[in-house]
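To start, the structure itself, in structure tokens.
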Amino acid sequence: MPSDIESVQFQLSKSEALVLFDWLAKIDEKVDDLSTDQAEQHVIWKVEGLLESALTDVLASNYHERLNDAKQNILGMND
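Start counting the sequence shown at 144; every next residue gets the next number (my numbering).
Pasting the structure below:
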């Protein structure tokens, strides 16, 4: 088995990261209904965890409001 020591880095805006986190969390909730294999599940959990640790919004009492603002920001509605 080849060693996977290379890494990939990319940047997202805070709004993009929050929307991606929310989408991954929704996928995680429905994982039993999807044909997700173990490797895919592992990657989903890893990315979701990285985003969760980087975003303070995830634990905010007004999370859904912040998520809505992020979606509007992405679509250019908060200019």
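Beta carbons: idealized from backbone N, C-alpha and C, even for Gly.
For residue 164, the closest alpha carbon among the candidates 208, 153, 216 and 196 is that of 196. For residue 189, the enclosing alpha helix (DSSP H) stretches over residues 181-197. Here residue 173 carries a coil assignment [DSSP, helix/strand/coil].
In its chain, beyond the 5 residues on either side, 171 have a beta carbon closer than 8 Å to the beta carbon of residue 188.
Under the criterion of beta carbons closer than 8 Å, residue 191 and residue 168 qualify as touching, at roughly 6 Å.
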